[in-house]
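Chains as they are written, first to last, in the working numbering: chain G, 1 to 312; chain X, 1001 to 1312.
Backbone N, C-alpha and C fix where the C-beta goes; we use that ideal spot for every residue, glycine too.
None of the values given here were measured: they were computed from a predicted structure.
2 protein chains.
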Amino acid sequence: MFIDELIEKIKQKRSNVIVGLDPRLESIPSSVKEKYFKEYGKNLKAASLSILEFNKTIIDYVYDLVPAVKPQIAFYEQYGMEGLDAYIKTCDYAKEKGLLVIGDIKRGDIGTTSKAYSNAHIGDIDIEGEKFETFQVDAITVSPYLGGDSIDEFMGDIKEKGKGMFVLVKTSNKGSGQLQDLEVDGKKIYEVVANMVENFSQQTLGSYGYGEVGAVVAATFPEQSKKLRKIMNTSYFLVPGYGAQGGTAKDIVDCFNEDGLGAIISSSRGIIFAYQKDGYTEKNYGKAARCETIKMIEDINSTLEKNNKKFW
Amino acid sequence: MFIDELIEKIKQKRSNVIVGLDPRLESIPSSVKEKYFKEYGKNLKAASLSILEFNKTIIDYVYDLVPAVKPQIAFYEQYGMEGLDAYIKTCDYAKEKGLLVIGDIKRGDIGTTSKAYSNAHIGDIDIEGEKFETFQVDAITVSPYLGGDSIDEFMGDIKEKGKGMFVLVKTSNKGSGQLQDLEVDGKKIYEVVANMVENFSQQTLGSYGYGEVGAVVAATFPEQSKKLRKIMNTSYFLVPGYGAQGGTAKDIVDCFNEDGLGAIISSSRGIIFAYQKDGYTEKNYGKAARCETIKMIEDINSTLEKNNKKFW
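Put into C-alpha cells, the structure is as follows:
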C-alpha cells in the first residue's frame, strides 16, 4: 500500500523530502530547450520534450535521495496534449527509478464525476470488460469543498488498489484563510476538514499506524500545523511552502509526530531551479538540484534531531 | 465577451437550458460503439471515437435550441489522452455549430499554478514569444477552497480575453452541506463565497448588467438559491441538478432575476441519454435528446412565465 511504501522509502533513504516537479519553460536551461526549438520550432512539442528531458535529469540526480516526486499537473496541462504526454512520461520515468509519484491534481467533484477522476488518476477505466490505466500515479491531492461524499468516491480505488490521497486542509497561499480560517462553533473550517480527513485515514491504516488518506498542510502556518497534527493523529501531512514560499525547517517541525514521521516536505522551485542560485551554473542544473536536496534533507533531519524526532 | 454572448444566445433561442456532455461509455448506444470496437478493439481509442461521434450527434440535434454545452472533463480524462482528444474535438465541434462551451473542470490552485490552469483552459501559453491555445473553452468552473487570491489568478484571462468563470458556491450533492452550510457569524460558508463571487462579477459587468464571473448554485436546494440570488445580484448562476438529480422547474425559478435572466439550467443524463426513457429507441438517440431538450425548455419557460419572469 502507498503509505507503507512511502514510510519504508523514507526510512531507507533517511529523507522526508519530496521534490515538486513544476516545470516552468522559462526557467528550464536554454541548453535543454534550444535543441528542441531548433528541431521542432517554438511550439508545444518542443516545450513538452524540453520539460521531459529536464525532469528526467532532475530525477536522475535526486532519485536515490528522496522517497517521492510530486508533479503539479497544471504546469503540464497548460501545454495541452503534448504537456500531458510529458506528465505521463515523467511519472513513468520516476516509477522506473523506484520513486513514488504523487500527482498534485487537486481534483474533486460529485458522485460519478469524482469517481471518473479516481479512475483517471489512481484507478482504472473499464471498457466492456477490459481495464485500462491512464494517468496512473501512486497518490493524488484532492479538494474538499464539495464535502465528504465527494472525497468518498476516491476511497474505492484507495482501498482496493492501495493508493494514497492528500486532502487540502490548510494551503500555503496568503488568501488561504479567507475560507479555511473561518470559525464555526469554535472550530476553524480547516479543523472541520481535518476531522473528515482523520476519519478517512483511520479506515485505511497501514503497518506503521498511518492511513492512506493524508492532508495538505502548509509550511507557512506553523501554529496551525501544530494544532492539526493533534487532530490528525494517523494522517500523513504533505507540506508545501518550504524554501521558495518562505517556510523553514523550524516552521515545519510540528508537522511531524514524536516518531519523526508523519510528514513529507515538498520543495519545487528551490530544488529544480537551484542552478539559478549563486555558486551553480546552468550546465550543472542536475547537480545543483542534488546539492540543494541534500541541504534540505540535512536541514530538516538536524532540526528533527534537535527536537528529539529522529526517525532513523 | 462571454456573458453578453451568452445572454444574446439565450434571448435569440428563447432558452436558458444548457446541455451537459457527460458521456458514459456504458450508456452510449451500441450501434455507435460496436463499429469502433470492431475496427480498433475494446480500447481507449475506440472509446474516444465512440464518445466523439455520440457527442457530435447530440450537438447536431440540440445546437439550435440551446446557448451552450457543458462538457464535464472528468468523463474524458478517465479515458486518458484519447479521452482528452475527444474533449477538445467535442469543444471545437460545438463552437463550429455556434454554441458557447463551458468547460466543467472545477480546477483551482494557488498563484502561478492557478494561472497555469487559466492558461490551459481560457488563456494561452507563451512559448518564447509564440502563443498557443490548448483546451480552449469560453468559460470554466472553478473551486473556491483556496481563497479569493486563487480565483483572482483567472481574472487576467477573463478580462483580457472576454472569458467566463463559474465558482462553486452551493453544489447539488447530499454532502455539499458538510462545509458549505457551516455558519460563521450568522453567515453560511456558501454566502461567504457568494460575496466573493459577486465582488468579482462586479469588476466585469457586460451590457446586460451581468458579470463574467458567476456561480454554480444547485437546483436541489431552492431555499438557498433564493437567498443567493439576492447576494449575487449581478452574477449569472450555472444550475446543475435539474432532472436526473431531482430538481424541478419550480425549484429553480428563484435562481432567475425578475428579468427572467440570471441563470442557465444544465441537464446531462436526462437529455443525452433520453433514448433510454419510455417511447424512444436507441436508434433515434439524437431525436430523443432533442425532444427532451424542447420539453425542458418549455417546462422552464412556462414556469418563468407563470412567475412573471418572461425574458423573451
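Checklist entry - For the segment 86-123 of chain G, which segments carrying the beta strand (DSSP E) assignment without a break, of at least 3 residues, lie completely within its bounds, in sequence order? => result 100-107
Next on the checklist: Nearest by alpha-carbon distance to aspartate 138 of chain G: which of G:Ala194, G:Pro71, G:Pro29, G:Glu298 is it?
Outcome noted: G:Pro71
Checklist entry - From what residue to what residue does the beta strand (DSSP E) around methionine 1165 of chain X run? => result 1164-1170
Next on the checklist: Assuming contact is defined by CB atoms lying nearer than 9 Å, are isoleucine 1271 of chain X and methionine 1296 of chain X in contact in what I supplied?
Outcome noted: yes
Next on the checklist: Let me see if you follow: with CB-CB separation under 9 Å, is asparagine 1119 of chain X close to chain G or not?
Outcome noted: With respect to chain G, the C-beta atom of asparagine 1119 of chain X has a partner C-beta closer than 9 Å.
Checklist entry - With 9 Å set as the bound, which would you pick, yes or no: does the beta-carbon of serine 172 of chain G sit closer than that to a beta-carbon of chain X? => result yes
Checklist entry - Do the CB positions of glycine 1206 of chain X and serine 1235 of chain X come within less than 9 Å of each other? => result Going by beta carbons, glycine 1206 of chain X and serine 1235 of chain X fall outside the 9 Å limit.
Item to check | chain X residues whose Cβ lies nearer than 7 Å to that of serine 143 of chain G | outcome: Neighbours of serine 143 of chain G on chain X, chain order: Gly1108, Ser1143, Tyr1145.
Checklist entry - Do you know how far the Cα of asparagine 1301 of chain X is from the Cα of phenylalanine 1002 of chain X? => result 23 Å
Checklist entry - Can you name, in chain order, every residue of its own chain whose Cβ lies under 7 Å from the Cβ of asparagine 1016 of chain X, other than the five neighbours on each side? => result Ile1010, Ala1263, Ile1264, Ile1265, Ile1300
Item to check | Candidates G:Thr293, G:Ile294, G:Tyr275: closest to tyrosine 285 of chain G by CA position | outcome: G:Tyr275
Item to check | Residue nearest to phenylalanine 1273 of chain X in terms of C-alpha spacing, selected from X:Ala1288, X:Ser1114, X:Gly1279, X:Lys1045 | outcome: X:Ala1288
Checklist entry - Using CA coordinates, which residue listed in X:Tyr1145, X:Thr1293, X:Arg1269 is at the minimum distance from valine 1062 of chain X? => result The shortest Cα separation from valine 1062 of chain X among X:Tyr1145, X:Thr1293, X:Arg1269 belongs to X:Thr1293.
Next on the checklist: So, at 7 Å on beta carbons, what are the nonlocal neighbours of glutamate 53 of chain G in its own chain, with the 5 sequence-adjacent residues on each side left out?
Outcome noted: Val32
Checklist entry - Taking buried to mean at least 16 other C-beta atoms within 10 Å of its own C-beta, is serine 1030 of chain X buried or exposed? => result exposed
Checklist entry - The alpha helix (DSSP H) spanning alanine 46 of chain G covers which residue range? => result 44-62
Item to check | Residue burial classification, asparagine 1173 of chain X (beta-carbon count within 10 angstroms, cutoff 16) | outcome: buried
Checklist entry - Three or more beta-carbon pairs under 8 Å between the segment 66-83 of chain G and the segment 1215-1225 of chain X, yes or no? => result Proximity of the segment 66-83 of chain G to the segment 1215-1225 of chain X falls short of the contact definition, fewer than three beta-carbon pairs being nearer than 8 Å.
Next on the checklist: For a test of the three-state rule: what should DSSP assign to glutamate 153 of chain G, helix, strand or coil?
Outcome noted: If DSSP states are grouped into helix, strand and coil, glutamate 153 of chain G belongs with coil.
Checklist entry - Mind checking whether leucine 1065 of chain X and phenylalanine 1166 of chain X have CB atoms under 9 Å apart? => result no
Checklist entry - Is alanine 1194 of chain X near isoleucine 1140 of chain X, with beta carbons less than 9 Å apart? => result no
Checklist entry - Since alanine 74 of chain G meets chain X, which of its residues come closer than 8 Å, beta carbon to beta carbon? => result Arg1107, Asp1109, Thr1113, Ser1114, Ala1116, Tyr1117, Ala1120
Next on the checklist: So with CB distances below 7 Å, who are the chain X contacts of glutamine 178 of chain G?
Outcome noted: Gly1147, Gly1148
Checklist entry - Is there at least one Cβ from chain G nearer than 9 Å to glycine 1186 of chain X's Cβ? => result No, its Cβ sits nowhere closer than 9 Å to a Cβ of chain G.
Checklist entry - When the Cα atoms are used, what is the spatial distance from valine 1169 of chain X to glycine 147 of chain G? => result 12 Å
Checklist entry - What are the residues that DSSP puts in a beta bridge with glycine 214 of chain G? => result G:Phe166.
Checklist entry - Is the shortest distance between the beta-carbon of threonine 1090 of chain X and the beta-carbons of chain G less than 9 Å? => result It does not; no Cβ of chain G falls within 9 Å.
Checklist entry - Could you give the distance in angstroms between the alpha-carbon of glycine 211 of chain G and the alpha-carbon of valine 69 of chain G? => result 19 Å
Next on the checklist: Distance check for glutamate 198 of chain G and phenylalanine 135 of chain G, CA to CA, integer angstroms please.
Outcome noted: 27 Å
Checklist entry - Using a beta-carbon distance below 9 Å, is phenylalanine 1135 of chain X in contact with chain G? => result yes
Next on the checklist: Taking 9 Å as the threshold (C-beta atoms), are isoleucine 1122 of chain X and lysine 1161 of chain X in contact?
Outcome noted: yes
Checklist entry - Pick from X:Thr1090, X:Arg1014, X:Val1184: whose alpha carbon is nearest that of glutamate 990 of chain X? => result Outside the displayed range of chain X (1001 to 1312) lies residue 990 of chain X, so it cannot be described from this structure.
Checklist entry - In or out: glycine 1129 of chain X buried (at least 16 other Cβ within 10 Å) or exposed? => result Burial call: exposed.
Checklist entry - Alpha carbon to alpha carbon, how far is lysine 97 of chain G from alanine 1047 of chain X? => result 32 Å
Next on the checklist: Just checking: is the beta-carbon of lysine 227 of chain G within a distance shorter than 9 Å of some beta-carbon in chain X?
Outcome noted: Nearest CB-CB separation between lysine 227 of chain G and chain X: not below the 9 Å threshold.
Item to check | Below-9 Å beta-carbon distance, asparagine 43 of chain G vs any chain X residue | outcome: yes
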